[in-house]
Amino acid sequence: MSFTIGEISEELSPPVPEGGRVQGPRAGWKLAILSFIENKLAVVGAGIILFFVLFSFVGPLFYHTDQTNANVLNAYLPPGGGYPLGTDANGFDELGRIMKGGQAAIEIAFFASLIATIIGTLVGAVAGLLGGLVDATLMRIVDILLSLPLLFVVLIVADRYNNATVVSLSLIIGAFSWLVSARLVRGEVLSLRVRDFVLASRTMGATKRHLIYRHLIPNAIGVVIVNITFQVADAINLLAILGFLGYGLAYPNVSWGDMLSGALNYLQDGYWWCVYPVGFCLVALVMACNFVGDALRDTFDVRLRRR
Amino acid sequence: MALHVIAPSPGRALLGFKASLAAVNAFNRQLGYDRPAIDQFFTYMWQLCHGNFGYSYHLNQSVASLIIENAPHSMWLSGSSLVLSILIAIPLGIFQAVKRNSLADQSITAVAFTAYSMPQNFLGILLIGGLAISLHIFPFEASQSEKIVPYILAFRANFLPITTLTITAVAGYSRYMRSSALDALAQDYIKLARSKGLAERTVLRRHLFRNASLAMVTLIGLSIPALIGGNLIVEDLFNSHGLGLLFVNELGNDDFNTVIALTLLGGIATVLGNLAADVALTVADPRIRVA
Chain A
4 MSFTIGEISE
14 ELSPPVPEGG
24 RVQGPRAGWK
34 LAILSFIENK
44 LAVVGAGIIL
54 FFVLFSFVGP
64 LFYHTDQTNA
74 NVLNAYLPPG
84 GGYPLGTDAN
94 GFDELGRIMK
104 GGQAAIEIAF
114 FASLIATIIG
124 TLVGAVAGLL
134 GGLVDATLMR
144 IVDILLSLPL
154 LFVVLIVADR
164 YNNATVVSLS
174 LIIGAFSWLV
184 SARLVRGEVL
194 SLRVRDFVLA
204 SRTMGATKRH
214 LIYRHLIPNA
224 IGVVIVNITF
234 QVADAINLLA
244 ILGFLGYGLA
254 YPNVSWGDML
264 SGALNYLQDG
274 YWWCVYPVGF
284 CLVALVMACN
294 FVGDALRDTF
304 DVRLRRR
Chain B
5 MALHVIAPSP
15 GRALLGFKAS
25 LAAVNAFNRQ
35 LGYDRPAIDQ
45 FFTYMWQLCH
55 GNFGYSYHLN
65 QSVASLIIEN
75 APHSMWLSGS
85 SLVLSILIAI
95 PLGIFQAVKR
105 NSLADQSITA
115 VAFTAYSMPQ
125 NFLGILLIGG
135 LAISLHIFPF
145 EASQSEKIVP
155 YILAFRANFL
165 PITTLTITAV
175 AGYSRYMRSS
185 ALDALAQDYI
195 KLARSKGLAE
205 RTVLRRHLFR
215 NASLAMVTLI
225 GLSIPALIGG
235 NLIVEDLFNS
245 HGLGLLFVNE
255 LGNDDFNTVI
265 ALTLLGGIAT
275 VLGNLAADVA
285 LTVADPRIRV
295 A
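Shown next, in the form of structure tokens:
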């Protein structure tokens, strides 16, 4: 018997089990990130989001503007000179104002979708796991709230809180946009709860609380994450509409929607720089969120409300 | 209703901040707004069951008559844009599916995606800025006539609001339509129709069109709340008579009988829309009837 080098090295390397190697717990995430990076639109979208975060939060550190004291003598200056994007009706620098509005948009969209996701995930998980009367009650509540036109309800609530702040607007938007994620998570949980690993955990005496936090939510997380990106996009749009209708942030804060509320008058008077740059930022940010959402959905391979 | 509790009192809202406290209280007592909220709630529900939407104390008119006055304008806007968007979205989706991944398909997808990511008010602003203010082709307001017939006939004035609604709707539909048409294209009956030598036109019209359109039926039912909400933005932007503008105006005036009635109406429309979509789908697709 004579061994060739190849055979020896083959014996030394650990044997490959049937069905391939067992992957580490992080391998699924690595795969997800890899397939996410392969999608060019998604990377562009993530880049745009990152750009707007930096632009809105770091930008003002380098580009100082006075956004609290109005200077009427400087009103409606066209772009150029000391003002790259001109000034608005109160003499505020438009570029600095977009940064400030961007902060509000990103903060509100983030907090609102966070609130909506937490409520939605918990309601969905509890309804799906407990079933029966609890499920029926929670889902009927969701049905009833879903059948009311979202914009009307949000406007009514926003009208009651005249001095809107970032926190109040996040609460308002968040409190009325958890419905879809509750439904999605419930659907996931319904299919997860009969799987073997959940049964095994139950047999070992796991409490419902443990099941929800340890097994159901982590496994439904794909749906949740994908939904967050769409929720962020929707929240930015909703915020823009609220601001446009006059229910946006109170002075001295400003959101992009507030800046657009006088758009028609601006356009009529030829102050295009008060309208188009803000609108462009709005569309770009929402589009970026939608890109990322689409890519994430392909990554996690979940069927959702949008294709 | 919770709104009764947090809203400023109707008397204060109507008589203004200069009115004396006594006058405000007398007004509230006269109209029954000083009773406990729960009591008011049950009265309201009782009236609602009898088809009474209450009374708009700001416009001094019953809410029902306000709705009847304004609804036709809204219905014309959303109805015509719905029909237009269906007429555009179905052929567009089929075209995209047949020529998938071509330059035309990708550019249509890009445009639809952009329009889809836009808040409706900015889309409207863009259209006004381009077509009404710079080029002076269309007026920047919707028709201002309160009568419905001249309102419908004012095509030029209502072109921009209807276009705004249509673009948003088409942007939403065409993605679904494209993927539904792609699914249908891969089915065996399309292969069969092709292999028995039918002309491509006939295959598309007779076999693909009908099957791919099924997805639209559900979608249209689901988009009814969006249409109502969309109307609100568009009517506000173009200053057009209608339920949406009524809602925005009366919200600003704390006229909550009107506001609640309109919200309720939206809810009813949503439920009816879903029901209609389910029924229509059963009629259109015999396969569903079995289950």
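Respectively, the protein sequence lines represent chains A and B. Last residue of the first sequence: number 310 in this note's numbering, and the count goes up by one each step with no gaps. Last residue of the second sequence: number 295 in this note's numbering, and the count goes up by one each step with no gaps. Idealized CB from N, CA, C, for every residue including glycine. Because the structure is a prediction, the values reported are computed rather than measured.
Consult DSSP for B:Gln191 and reduce its assignment to one of helix, strand or coil.
As a first step, residue 191 of chain B is located in the second sequence; it is residue number 187 there, counting from the start. B:Gln191 falls in the coil class under three-state DSSP.
Does the Cβ of A:Phe65 have 16 or more other Cβ atoms within 10 Å, making it buried, or fewer, making it exposed?
By one-based count along the first sequence, residue 65 of chain A stands at place 62. With fewer than 16 neighbouring CB atoms inside 10 Å of its own CB, A:Phe65 falls in the exposed class.
Looking at B:Ser227 and B:Ala185, is the spacing between their C-beta atoms short of 8 Å?
Within the second sequence, the letter at position 181 stands for residue 185 of chain B. Within the second sequence, the letter at position 223 stands for residue 227 of chain B. The criterion of a C-beta distance shorter than 8 Å is not satisfied by B:Ala185 and B:Ser227.
For A:Ala184, write down the residues that DSSP places opposite it in a beta bridge.
Taking the first sequence and counting its residues from 1, one reaches residue 184 of chain A at position 181. It is Ser, not Ala, that sits at residue 184 of chain A in the sequence shown. None; A:Ser184 has no bridge partner.
Separation of B:Tyr120 from B:Leu169, as counted between CA atoms
Locating residue 169 of chain B in the second sequence gives position 165, where the first residue counts as 1. Locating residue 120 of chain B in the second sequence gives position 116, where the first residue counts as 1. Each residue's Cα considered, the two are about 11 Å apart.
Could you compute how far the alpha carbon of B:Leu164 sits from the alpha carbon of A:Leu248?
Stepping through the second sequence from its first residue, residue 164 of chain B is reached at position 160. Stepping through the first sequence from its first residue, residue 248 of chain A is reached at position 245. Near 19 Å, if we compare the C-alpha coordinates of A:Leu248 and B:Leu164.
Taking just the CA atoms, how far does A:Asp297 sit from B:His8?
The residue labelled residue 8 of chain B in the question sits at position 4 within the second sequence. The residue labelled residue 297 of chain A in the question sits at position 294 within the first sequence. Reliability fails at B:His8, whose pLDDT of 43 lies under 50, so the model's placement of it is uncertain and the value that follows must be treated cautiously. Looking at the two C-alpha atoms, the distance is approximately 42 Å.
Exposure of A:Met207, with buried meaning 16 or more beta-carbon neighbours within 10 Å
Taking the first residue of the first sequence as 1, we reach residue 207 of chain A at position 204. Exposed is the label assigned to A:Met207, since fewer than 16 other Cβ atoms lie within 10 Å of its Cβ.
So, is B:Leu196 buried or exposed, given that buried needs 16 or more other C-beta atoms within 10 angstroms?
The residue given as residue 196 of chain B occupies position 192 in the second sequence. It is exposed - the Cβ of B:Leu196 has fewer than 16 other Cβ atoms within 10 Å.
Are at least three pairs of beta-carbons, each pair with one atom in the region 185–197 of chain A and one in the region 121–133 of chain A, less than 8 Å apart?
Inter-segment contact for the region 185–197 of chain A and the region 121–133 of chain A is present: three or more beta-carbon pairs are separated by less than 8 Å.
Do A:Leu288 and A:Leu242 have their CB atoms nearer than 8 Å?
Sequence index remark: in the first sequence, residue 288 of chain A carries index 285 (1-based). Sequence index remark: in the first sequence, residue 242 of chain A carries index 239 (1-based). No, Cβ-Cβ distance for A:Leu288 and A:Leu242 is not below 8 Å.
I'd like to know whether the C-beta of A:Pro280 is nearer than 8 Å to at least one C-beta of chain B.
Here residue 280 of chain A is taken as the residue at index 277 of the first sequence, counted from 1. Output row for A:Pro280: interface = no.
Under 8 Å between C-beta atoms, does B:Pro165 make it to chain A?
As a first step, residue 165 of chain B must be located in the second sequence, where it is residue number 161. Not an interface residue.
Contact between the region 255–262 of chain A and the region 86–98 of chain B (3+ Cβ pairs under 8 Å)
No, the region 255–262 of chain A does not touch the region 86–98 of chain B.
Distance, B:Leu279 Cα to B:Thr222 Cα:
Looking up residue 222 of chain B in the second sequence gives position 218. Looking up residue 279 of chain B in the second sequence gives position 275. As the crow flies, the alpha-carbon of B:Thr222 is around 10 Å from that of B:Leu279.
Please list, in chain order, the chain B residues whose beta carbon lies closer than 7 Å to that of A:Asp162.
Along the first sequence, read from residue 1 onward, the residue named residue 162 of chain A stands at position 159. Result: Leu255.
Using a Cβ-Cβ cut-off of 8 Å, state whether B:Ser121 counts as contacting chain A.
Position 117 of the second sequence, counted from the start, is the residue given in the question as residue 121 of chain B. Look at B:Ser121: its C-beta is under 8 Å from a C-beta on chain A.
Using three-state DSSP, classify B:Ser69 as helix, strand or coil.
Position 65 of the second sequence, counted from the start, is the residue given in the question as residue 69 of chain B. Note: B:Ser69 maps to helix in three-state DSSP.
Cβ of A:Asn293 less than 8 Å from any chain B Cβ?
Position 290 of the first sequence, counted from the start, is the residue given in the question as residue 293 of chain A. Closer than 8 Å to some Cβ of chain B, the Cβ of A:Asn293 qualifies, so yes.
Alpha carbon of B:Val207 to alpha carbon of B:Ala188, nearest angstrom
Within the second sequence, residue 207 of chain B is the residue found at index 203, counting from 1. Within the second sequence, residue 188 of chain B is the residue found at index 184, counting from 1. Each residue's Cα considered, the two are about 11 Å apart.
Does the region 219–235 of chain A come close enough to the region 114–124 of chain A to have 3 or more Cβ pairs within less than 8 Å?
At 8 Å Cβ cutoff, the stretches touch.
Taking 8 Å as the CB-CB cut-off, is A:Leu252 touching chain B?
Within the first sequence, numbered from 1, the residue matching residue 252 of chain A stands at position 249. No, A:Leu252 does not count as interfacial toward chain B.
In angstroms, rounded to a whole number, what distance separates the CA positions of A:Asn42 and B:Ile92?
To locate residue 42 of chain A, count along the first sequence from 1; it is residue 39. To locate residue 92 of chain B, count along the second sequence from 1; it is residue 88. For A:Asn42 and B:Ile92, the distance between alpha carbons rounds to 30 Å.
Does B:Thr262 get closer than 8 Å to chain A when you measure Cβ to Cβ?
Taking the first residue of the second sequence as position 1, residue 262 of chain B is located at position 258. No, no contact with chain A.
A:Val188 to A:Cys292, Cα distance in whole Å?
Residue 188 of chain A sits at position 185 when you count from the first residue of the first sequence. Residue 292 of chain A sits at position 289 when you count from the first residue of the first sequence. Approximately 21 Å between the Cα atoms of the pair.
Buried versus exposed, by CB contacts within 10 Å (16 or more), B:Ser111
Along the second sequence, one-based indexing puts residue 111 of chain B at 107. Exposed is the call here.
Contact between the region 262–270 of chain B and the region 137–147 of chain A is defined here as three or more beta-carbon pairs at a separation below 8 Å; is this criterion met?
They do not touch, by the three-pair rule.
When DSSP labels each residue in this structure, what does A:Thr168 get in the three-state scheme?
Your numbering for residue 168 of chain A matches position 165 in the first sequence. The three-state reading of DSSP puts A:Thr168 in coil, since its state is none of H, G, I, E or B.
Let's test the definition: count the other Cβ atoms within 10 Å of the Cβ of B:Pro290 and tell me whether it reaches 16, buried, or not, exposed.
On the second sequence, position 286 is the one that residue 290 of chain B refers to. Exposed, by the Cβ-count rule.
With DSSP collapsed to three states, give me the class of A:Met142.
Stepping through the first sequence from its first residue, residue 142 of chain A is reached at position 139. DSSP, reduced to helix, strand and coil, places A:Met142 within a helical segment of the structure shown.
Check whether chain A comes within 8 Å of B:Gly270, counting only Cβ atoms and requiring the distance to be less than that.
On the second sequence, residue 270 of chain B is found 266 positions in, with the first residue counted as 1. Yes, B:Gly270 counts as interfacial toward chain A.
I'd like to check one pair, A:Val281 with A:Met262: are the Cβ atoms closer than 8 Å?
For the purposes of this step, residue 262 of chain A is taken as residue 259 along the first sequence, with counting starting at 1. For the purposes of this step, residue 281 of chain A is taken as residue 278 along the first sequence, with counting starting at 1. Here A:Met262 is near A:Val281, since their CB atoms are less than 8 Å apart.
Below 8 Å, how does it come out for the region 267–279 of chain B and the region 148–155 of chain A: are there three or more Cβ pairs, yes or no?
Touching, per the Cβ criterion.
If you compare alpha carbons, which of B:Gln124, B:Glu254, B:Ile90 is closest to A:Ile239?
Sequence index remark: in the first sequence, residue 239 of chain A carries index 236 (1-based). Looking at the Cα atoms, B:Gln124 is the closest of the given residues.
Give the interface partners of A:Ser150 over in chain B, defined as CB-CB distance under 7 Å, in chain order.
By 1-based counting over the first sequence, the position of residue 150 of chain A is 147. Scanning chain B for C-beta atoms nearer than 7 Å to the C-beta of A:Ser150 yields Gly271, Thr274, Val275, reported in chain order.
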